[in-house]
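**Q**
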Amino acid sequence: MGGGRENRGVNEKVMKGVASIALLPNGSISGHFIHLPHSICFGLSGIELACERECSRGEDYRLIKLTIIDYNSKRERDVIVECKGHDAARFHNIDHAHGWENAVVNEVEQKHQKNRIMVSFVCETLKADQAAEDHVRQFMPKLAGMDAVVNVGEMTIKGLDFEAEGSDEEQATMPTE
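If you read the sequence shown in numbering that gives the first Met the number 0, its first letter stands for residue 0, the second for the next number, and so on.
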C-alpha cells in the first residue's frame, strides 16, 4: 500500500466518534470521547499551557496538554494540541510551539520522533448556561455546579493504540530464559 514510501501511517489506527468536552472557568477541560461504531469510551482531560512570551496568534489561541485515558487498560497518553475559539471550539495537533516554555517546545518536538498521535476536534453544538449544566449533570456529574461550557462534536484520533502498546509492554517485561 505504501508503494516503497515510508511505512508510517499504513497500519495507523484511526478512531472516529463524538466528543463531549466541558470547558471549565479556569481554562482546563474535561470530557469523554466515544469511539463509534464500537461505543468505546475514552476520558479526556486537559490543562491550558501558559505562554511565556507574547503570543501573536490572537487572544482565542492557546495550547492544551490533552490527556486521553483508556478506562479499560488504565493507561493514558498525552498530546499537545492548539485550541482555537473562545470556548475551545476547535483543536488539533501543532507542528511547533515557539513562544511557550522550553519543556513544551521539547515535548512537541519529541512527539514528532515517536509514534505521533493526531487529534482533531470541531464543535458542532455549544451548550452554555442551563443547557450546559443539564448536560454536565447527565454525563459528567462530578463537574456539576462548576459553570462549565460544553462542546459536543466530531473527534478523530489517529495513531493511538492502547492495545498494541499493551502487547509491546508485555513482551518487553516477559522473562527470557
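By construction, the Cβ of each residue, glycine as well, lies at the ideal position given by its N, Cα and C atoms.
(1) Would I68 and V118 be called neighbours here (beta carbons separated by less than 8 Å)?
(2) With a cut-off of 8 Å, do at least 3 Cβ pairs link the stretch 32-41 to the stretch 126-137?
(3) Could you name the residues of the same chain whose beta carbon sits closer than 6 Å to that of R190, not counting the 5 residues immediately before and after it, in chain order?
(4) Under the rule that 16 or more other beta-carbon atoms within 10 Å means buried, what is R136, buried or exposed?
(5) Identify whether K141 lies in helix, strand or coil by the three-state DSSP scheme.
(6) Looking only at its own chain, which residues have a Cβ that is under 8 Å from the Cβ of K12, when we skip the five neighbours before and after it?
(7) Identify every run of the beta strand (DSSP E) within the stretch 61-90, keeping only runs that are complete inside it and at least 3 residues long; order them along the chain.
(8) When burial is assigned at 16 or more other CB atoms within 10 Å of the CB, is K141 buried or exposed?
(9) Tell me the DSSP secondary structure of A131 in three-state form.
(10) What three-state label does DSSP hand E11 in the structure shown?
(11) Is G45 buried or exposed, if buried means 16 or more other CB atoms sit within 10 Å of its CB?
(12) At what residues does the beta strand (DSSP E) containing I28 begin and finish?
**A** Concretely, from the data shown:
(1) For the purposes of this step, residue 68 is taken as the residue at position 69 of the sequence shown. For the purposes of this step, residue 118 is taken as the residue at position 119 of the sequence shown. No, the pair does not count as a contact, with Cβ atoms beyond the cut-off.
(2) They do not touch, by the three-pair rule.
(3) Because residue 190 is not part of the residues shown, which for the chain are 0 to 176, the question remains open.
(4) The residue given as residue 136 occupies position 137 in the sequence shown. The residue in question, R136, is exposed, as its Cβ has fewer than 16 Cβ neighbours within 10 Å.
(5) The residue given as residue 141 occupies position 142 in the sequence shown. In the structure shown, K141 adopts helical secondary structure according to DSSP, grouped into three states.
(6) Position 13 of the sequence shown, counted from the first residue, corresponds to residue 12. Correct list, in chain order: K157, G158, L159, D160 and A163.
(7) Runs found: 61-69 and 74-83.
(8) If you number the sequence shown from 1, residue 141 lands on position 142. Exposed, because fewer than 16 other Cβ atoms sit within 10 Å of the Cβ of K141.
(9) Counting from one through the sequence shown, the residue named residue 131 turns up at place 132. Correct three-state label for A131: helix.
(10) Here residue 11 refers to the residue found at position 12 of the sequence shown. The three-state reading of DSSP puts E11 in coil, since its state is none of H, G, I, E or B.
(11) Within the sequence shown, residue 45 is the residue found at index 46, counting from 1. So G45 counts as buried.
(12) Residue mapping note: residue 28 aligns to position 29 of the sequence shown, counting from 1. Unbroken beta strand (DSSP E) run through I28: I28 to L35.
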